[in-house]
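Here the structure is laid out as structure tokens; the discussion comes afterwards.
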Amino acid sequence: MTKLVADLKGGTGFRKSLRVKRVEGMKSVQVYEMTWAPDGRATWEYGEEIRPGQPHVIWRRIGTHSIFRQP
């Protein structure tokens, strides 16, 4: 989590070790996935800014690879 927050604040993209990418097949919203451990996964989307200039992350699912059944 600390690495993701640091990368969001830095505004220069995500470090490769987090393996961040967009979830395919989600047409109505842009959902992203992140891998931080061999079986540690999370999905999220961006929401409306709450604090000016800071990205607002809405966590959808956090857990193992099984979270991809319904991201």
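Taking the numbering used here, the leading residue of the sequence shown gets 1482, the next gets one more, and so forth. C-beta atoms are modelled at their ideal positions from N, C-alpha and C, and glycine is treated no differently.
Identify whether I1543 lies in helix, strand or coil by the three-state DSSP scheme.
strand
Once you ignore the five residues that flank W1540 on each side, which residues in its own chain have a CB closer than 6 Å to its CB?
The residues are W1525.
Write down the C-beta distance between D1488 and R1500 rounded to the nearest angstrom, noting that I regard them as a contact closer than 8 Å.
Wrong, their Cβ atoms sit about 12 Å apart, outside the cutoff.
Assuming R1542 and A1523 make a contact with CB atoms under 8 Å, what is their CB distance in whole Å?
7 Å
Quick check on this structure: which residue in H1546, P1536, V1510 and E1505 has the alpha carbon closest to the alpha carbon of D1520?
H1546
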